[in-house]
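S.K.:
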Amino acid sequence: MSDIAIQIASPFVTYEEYAKLSGVPYNTIKKMAADGRLPIRPKLKRTDKPLINLLALTKEAAELITSS
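The sequence shown begins at 0 in numbering that gives the first Met the number 0 and counts up by one.
1. Following the continuous beta strand (DSSP E) through T13, name the residue where it begins and the one where it ends.
2. Can you name the start and end residues of the beta strand (DSSP E) that L50 belongs to?
3. Please classify L20 as buried or exposed, where buried requires at least 16 neighbouring CB atoms within 10 angstroms.
4. Since I28 is in the alpha helix (DSSP H), which residue starts that stretch and which ends it?
5. Is T57 close to chain D, meaning its C-beta is less than 8 Å from at least one C-beta of that chain?
Printed below as a string of structure tokens:
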């Protein structure tokens with residue numbers, strides 16, 4: 000078994016930042032977050048900006064690689 004080292008700049012990003020990183024349109028990102036296809040950091044206040052959890056996405060991708 001080989002280890003995988005992954006480095007990410009930030010554990011959480013806004014919808015706008017994720018749209019730029021992934022090349023997926025902003026409105027599609029919003030829909031994917033709303034229906035649970037993208038992991039979102041829990042908001043502490045109603046006014047908090049929703050943030051996509053890149054650590055959870057990275058972990059999911061790593062698990063897919065190691066399980067195949």
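C-beta atoms are modelled at their ideal positions from N, C-alpha and C, and glycine is treated no differently.
M.R.: Short version:
1. In the sequence shown, the residue the question calls residue 13 occupies position 14. Its beta strand (DSSP E) spans residues F11 to T13.
2. Start at 1 with the first residue of the sequence shown, and residue 50 comes out as number 51. Where L50 is concerned, the enclosing beta strand (DSSP E) stretches over L50 to N52.
3. On the sequence shown, position 21 is the one that residue 20 refers to. L20 comes out exposed.
4. Position 29 of the sequence shown, counted from the first residue, corresponds to residue 28. Per DSSP, I28 belongs to the alpha helix (DSSP H) from Y25 to A33.
5. Protein chain content of the structure displayed is limited to a single chain, and chain D is not contained in it.
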